[in-house]
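A.B. asks: In case it helps, full-length UniProt numbering puts the sequence shown at residues 1 to 144.
From the three backbone atoms N, C-alpha and C, an ideal C-beta is built for every residue, glycine too.
To start, I am sharing the structure in question, which I have written as structure tokens.
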Amino acid sequence: MEHSLLVWLLPTLALVAGVAIGFLVARLLPNAAPNRTQRQLDDIQERFDNYQNEVVTHFNSTATLVKKLTQSYQEVQDHLAEGANRLALDELTRQRLLAALHSESVQAPRERLTPPRDQEPPRDYAPKAPNAPGMLDEQYGLKK
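Shown next, in the form of structure tokens:
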């Protein structure tokens, strides 16, 4: 009887111990995994926010630099126009300098190049004369 009781008691105790250990492990591990995932998500979100801030800062500084460049260009244009008015000896020279100065600032748009329409596209085979054998003919290239 002791032997049969031992046969039933040991597996039952092992089952109870396994359930208890499984319950404890199930309670502890799922809490750790979401915390780690949440930390990773927070880290990625922080990196993304930093990247967005860098992009905004970059484009703001680029806009500021372009604005300064435009102002400098305008100042150079004004300086050249003032110099042309002040230093030109006669009215004709002054008009020519001012016309040259303003014609460079407003350039005409370039024309787009278009391919000729009457030109035939290249062929991927050799042309042949009418009634002549083609390249796939058995007699092609053989002398009679």
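If you scan the region 49 to 121 from start to end, which runs of the alpha helix (DSSP H) of 4 or more residues do you find wholly inside it?
C.D. replies: Counting only runs of 4 or more, we get 91 to 105.
A.B. asks: One question on the structure: do residue 130 and residue 140 come within less than 8 Å of each other, judged by their Cβ atoms?
C.D. replies: Cβ distance not < 8 Å, so residue 130 and residue 140 don't count as in contact.
A.B. asks: Go through its chain and collect everything with a Cβ distance to residue 98's Cβ below 8 Å, but skip five positions before and after it.
C.D. replies: So the qualifying residues of the chain are 81, 84 and 85.
A.B. asks: With DSSP as the reference, label residue 129 as helix, strand or coil.
C.D. replies: Residue 129 falls in the coil class under three-state DSSP.
A.B. asks: Consult DSSP for residue 141 and reduce its assignment to one of helix, strand or coil.
C.D. replies: Coil at residue 141, not helix or strand.
A.B. asks: Indicate the three-state DSSP secondary structure (helix, strand or coil) for residue 22 in the structure shown.
C.D. replies: Reduced to three states, the DSSP call for residue 22 is helix.
A.B. asks: Whole angstroms is fine: what's the gap from residue 45's alpha carbon to residue 37's?
C.D. replies: Spanning the two alpha carbons is a distance of roughly 12 Å.
A.B. asks: Would residue 94 pass as a contact of residue 88 if the rule is Cβ separation under 8 Å?
C.D. replies: Cβ distance < 8 Å, so residue 94 and residue 88 count as in contact.
A.B. asks: Look at the alpha carbon of residue 41 and the alpha carbon of residue 65, and state the distance between them as a whole number of angstroms.
C.D. replies: Near 36 Å, if we compare the C-alpha coordinates of residue 65 and residue 41.
A.B. asks: Pick helix, strand or coil for residue 136, following the three-state DSSP scheme.
C.D. replies: In this structure, residue 136 counts as coil in the three-state DSSP scheme.
A.B. asks: For residue 128, which residues in the same chain have their Cβ closer than 8 Å to its Cβ, ignoring the five residues on either side in sequence?
C.D. replies: If we look at residue 128 and ignore the five residues flanking it on each side, its Cβ neighbours are 134 and 135.
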